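Taking it in order: structure first as structure tokens, then the write-up.
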């Protein structure tokens with residue numbers, strides 16, 4: 001399915017400082033993390049011993065300012081067709097805060113951090129803040145049943161990036177409550193929020209309580225409970241080794257202001273509706289200040305992360321690097337995500353995947369309702385896409401195009417024309433072209449939901465690494481919480497990959513139809529319910545970023 005398109009300029013395996021270059025080495029204590037990402041911020045700087053250093057601390061950033069900065073980063077999250085279906089509400093009124101607190105205190109509330117406070121009622125001193133992550137049904141794709149899961153994944157991606165950005169500013173999500181119900185189905189179920197000004201078109205997916213924590217003088221957190229700023233596995237933000245390694249800002253994706261993210265620029269625009277600028281006292285569309293420290297590194301990698309549809313270099317990705325990407329962070333919305341991650345790197349597996357694309361890749365174009373919906377997000381030019389703030393331009397799908405070819409594609413891709421060309425096998429031709437791009441890719445990642453619901457006489461079980469060819473069973477049907485957490489897990493993976501210089505290109509067509517997904521999982525031995533499949537590698541070309549709506553367009557106060 002078409003999504004945004006891009007590349008990473010540092011993804012060049014011939015460079016000595018590239019993570020997969022023969023001249024580079026991997027940190028022995030951080031599997032899959034390039035050693036140069038784990039160095040001190042400047043030559044000669046010593047990495048302090050965690051047990052011997054107590055950093056200077058400061059209070060958290062005021063929440064309105066923190067939310068403003070976090071939203072500007074989270075809006076860079078990927079979504080199917082770049083439709084951006086997420087929604088967010090800040091519970092500011094006494095009634096809405098009470099509703100959020102009751103939801104967290106009820107059955108289904110869960111801690112969002114290891115060793116953190118358990119869910120409970122409204123905080124006595126009023127220092128906590130409450131956010132509600134939602135799905136905007138008016139911005140959701142609906143032509144295929146599989147789109148229901150994709151929309152929830154998109155919201156999970158956004159929610160995780162938002163929580164990580166808030167976390168970097170001293171606001172940690174210590175409790176979450178997810179809506180009940182299945183992930184599949186339209187419209188998406190949501191929690192009831194009685195007595196609040198909750199938009200009718202939104203489905204409430206998750207309530208989060210954020211608690212202020214101490215921060216170091218440089219802007220990173222000195223999480224109390226661990227006694228250090230090292231963020232160990234017992235700390236409030238136990239991001240994985242591959243996540244923490246690049247936080248000094250020395251990695252290829254975090255180089256500012258000369259990194260690829262700075263060259264391509266960040267989507268800008270004035271918020272519409274109820275802009276977050278109104279919450280901070282800043283003029284709409286004006287940033288509250290340049291981020292520093294960990295927040296700056298997170299913003300840099302979020303801006304560098306895009307979907308790259310270009311051919312990838314055949315240079316293999318080292319197993320240690322891929323293994324490092326599979327380690328879950330276990331924090332934020334990704335905590336408790338039961339997701340299997342498998343990398344297809346053997347020639348046989350990659351050839352089998354390419355064969356599936358040849359056979360089924362034309363479904364994107366031959367399914368009339370699905371193609372009409374896809375075509376509605378195609379913009380003739382980058383300027384038209386920027387004006388709308390969503391969708392994608394033809395150049396972002398096919399690379400720079402001369403005017404005659406752009407006009408020819410506009411005609412050929414129109415739904416009416418596609419129906420006629422389909423009779424001549426045009427959809428099969430496009431599938432073969434996609435397979436030609438897929439075949440030389442050095443790795444393919446497949447993610448699947450591995451939680452199994454209880455069956456009669458048994459308890460829930462969690463699958464291990466996906467190594468068997470078990471056919472997905474009815475009890476594997478994912479819940480709404482599974483899908484949102486899966487999106488959060490995907491966010492962590494994608495950011496890690498971007499920091500390492502890798503690019504991703506989702507190949508969603510093999511998951512959007514039950515028969516195709518079953519064939520994929522059976523042939524490649526992927527258990528559970530696959531929800532994400534993507535090319536992974538070093539791209540050969542750089543493409544412009546996809547547009548974004550203003551950060552405040554999807555945020556309301558209740």
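Residue numbers (UniProt numbering): 1 to 558. We put the CB at the ideal spot given by N, CA and C, even for glycine. Here the structure is a predicted model, which means the values were calculated and not measured.
- Residue 392 is bridged by DSSP to 378.
- Pairing residue 67 with residue 302 gives a Cβ-Cβ distance that is not under 8 Å.
- In the DSSP assignment, residue 505 falls within the beta strand (DSSP E) that extends over 503-506.
- Sequence-distant Cβ neighbours of residue 434 in its own chain, meaning closer than 7 Å and more than five residues away, are 357 and 361.
- In the DSSP assignment, residue 366 falls outside any beta strand (DSSP E) and within the unbroken alpha helix (DSSP H) covering 363-366.
- DSSP, read as helix, strand or coil, puts residue 534 in strand.
- The C-alpha of residue 311 is placed about 9 Å away from the C-alpha of residue 436.
- Residue 407 sits exposed, since fewer than 16 C-beta atoms from the chains shown fall within 10 Å of its C-beta.
- Take the alpha-carbon of residue 516 and the one of residue 440: they are about 22 Å apart.
- When only Cα atoms are considered, residue 174 and residue 159 end up about 14 Å apart.
- Of all C-beta pairs linking the stretch 163-171 to the stretch 342-352, fewer than three are shorter than 8 Å, placing the two stretches out of contact.
- The continuous stretches of beta strand (DSSP E) do not include residue 99, which lies in the alpha helix (DSSP H) extending over residues 94-105.
- By the criterion of a C-beta distance shorter than 8 Å, residue 179 is surrounded in its chain by 189, 190, 191, 203, 204, 205, 206, 480 and 481, once the five residues flanking it on both sides are discounted.
- Cβ contact annotation for residue 99 (same chain, cutoff 8 Å, sequence separation greater than five): 91, 193, 194, 195 and 196, in chain order.
- Assigned with DSSP and collapsed to three states, residue 167 falls in helix.
- For residue 414, the three-state secondary structure derived from DSSP is coil.
- For residue 206, the uninterrupted beta strand (DSSP E) run begins and ends at 202-212, by DSSP.
- Here residue 381 is exposed, its C-beta having fewer than 16 other C-beta atoms within 10 Å.
- The shortest C-alpha to C-alpha distance from residue 155 to any of 136, 539 and 146 is the one to 136.
- Below 8 Å, enough C-beta pairs join the stretch 489-497 and the stretch 325-337 to call them touching: three or more.
- Judged by DSSP in its simplified three-state form, residue 404 adopts helix.
- Contact annotation: residue 176 and residue 208 have beta-carbon atoms nearer than 8 Å.
- Distance check between residue 536 and each of 296, 307 and 519 places 307 closest, using alpha-carbon atoms only.
- DSSP places residue 186 outside both helix and strand once states are collapsed to three, so it counts as coil.
- For residue 524, the enclosing alpha helix (DSSP H) has its first and last residue at 514-524.
- Residue environment for residue 498: buried (at least 16 other C-beta atoms within 10 angstroms of its C-beta).
- For residue 341, same chain residues with a beta-carbon under 6 Å away, outside a window of 5 residues either side, are 326 and 447 in chain order.
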